[in-house]
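For what it's worth, my numbering labels the leading residue of the sequence shown as 81, then goes sequentially. For each residue, glycine too, the CB sits at the ideal point set by N, CA and C.
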Amino acid sequence: MYFLGWIVLIMLGLGAALWSFLWALESGQMAEQERARFLPLIADGEKKGHTAPRGKASIAPYFLLVVGILLLGAIVACFVLTFGTRGI
């Protein structure tokens, strides 16, 4: 039962990370990546009224989602391998 505490802690951390990621996608935090990388170079007076051109959507959020699902699958596999082999 030593591993149960760690597994619960990891699951809670992954749940919080997934919730944060989905919130960021929903609220548009990752919507303007092209504009965001140039913000430090723009003077304060030029920032007002500037709109970024809408281009193709980035695949980065989907890639991170796939990586998160793979990590969650790995944690579930560890959980099953740890507690599913009681007969050995």
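Validate contact between the segment 92–105 and the segment 137–151 using beta carbons, cut 8 Å, 3 pairs: Contact between the segment 92–105 and the segment 137–151 is present: three or more C-beta pairs spanning the two stretches fall below 8 Å.
Same chain, Cβ closer than 8 Å to Met110, neighbours up to 5 away in sequence not counted: Position 30 of the sequence shown, counted from the first residue, corresponds to residue 110. Apart from sequence neighbours up to five positions away, the residues of its chain that approach Met110 with a beta-carbon distance below 8 Å are Ala104, Ser138, Ala140 and Pro141, ordered along the chain.
C-alpha distance - Tyr82 paired with Thr162, whole-angstrom precision: Locating residue 82 in the sequence shown gives position 2, where the first residue counts as 1. Locating residue 162 in the sequence shown gives position 82, where the first residue counts as 1. Approximately 11 Å between the Cα atoms of the pair.
DSSP three-state assignment for Ala157, whether helix, strand or coil: As a first step, residue 157 is located in the sequence shown; it is residue number 77 there, counting from the start. Reduced to three states, the DSSP call for Ala157 is helix.
DSSP-derived helix/strand/coil call for Phe118: Position 38 of the sequence shown, counted from the first residue, corresponds to residue 118. Here Phe118 sits in coil by DSSP.
Identity of the residue in Phe159, Leu152 and Phe118 nearest Trp93 by Cα: Taking the sequence shown and counting its residues from 1, the one referred to as residue 93 is at position 13. The sequence as given places Gly at residue 93; Trp does not occur at that position. For the residues Phe159, Leu152 and Phe118, the minimum Cα distance to Gly93 belongs to Leu152.
Length of the line joining the Cα atoms of Ser107 and Gly164: Looking up residue 107 in the sequence shown gives position 27. Looking up residue 164 in the sequence shown gives position 84. A direct Cα-to-Cα measurement between Ser107 and Gly164 gives close to 40 Å.
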